[in-house]
Each structure stands twice: as C-alpha cells, then as structure tokens.
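S.K.: Numbering (our numbering), first residue to last: 1268 to 1327.
Here a beta-carbon is modelled for each residue, glycine too, at the ideal position from N, C-alpha and C.
#1: Check whether the Cβ atoms of residue 1235 and residue 1273 sit closer than 8 angstroms, and answer yes or no.
#2: Can you check whether the C-beta of residue 1276 is within less than 8 angstroms of a C-beta belonging to chain B?
#3: Residue 1392: which of 1269, 1270, 1292, 1271 sits nearest, CA to CA?
#4: In its own chain, which residues sit with a C-beta less than 7 angstroms from the C-beta of residue 1325, not counting the 5 before and 5 after it?
#5: Check for me: the beta strand (DSSP E) holding residue 1317 runs from which residue to which?
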C-alpha cells in the first residue's frame, strides 16, 4: 500500500528520437496525481521524450 508519508516510485520511459530520427520535444514538468487524492503535483524535469510511458506506482 502506498501512502504520502512512505512514498513510492514510478518508472517513466520514452524514446529520445522519433521514427524519423529527429529529436523529440523537451518537457520541463510532469503532473503527478498521488493515489487516493485529488491533488496534482508539478514535478520539474528536463526530458526529451517521444512515446512517453509511465509504469504503475510501487512502494519505495
């Protein structure tokens, strides 16, 4: 079970280039909705991403 106090993690993966070999756009933030809340947190990042995939949360 995940809780805000114990934390958790999710794997985020993507491709760095598109199907034509061109660079993907750079994203500067991820929006995260913790389990069992309506709150949305903004997480600063710097990732070049095409076909972004977010895997399920797991406990720390």
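M.R.: Answer, in terms of the structure:
#1: Because residue 1235 is not part of the residues shown, which for the chain are 1268 to 1327, the question remains open.
#2: Included in the structure is just one protein chain, with no chain B present.
#3: What the structure shows of the chain is the stretch from 1268 to 1327, and residue 1392 is not part of that stretch, so it cannot be assessed.
#4: By one-based count along the chain shown, residue 1325 stands at place 58. Cβ neighbours of residue 1325 beyond the five flanking positions: 1275, 1276.
#5: Along the chain shown, one-based indexing puts residue 1317 at 50. Annotation for residue 1317: the continuous beta strand (DSSP E) segment containing it runs 1317-1321.
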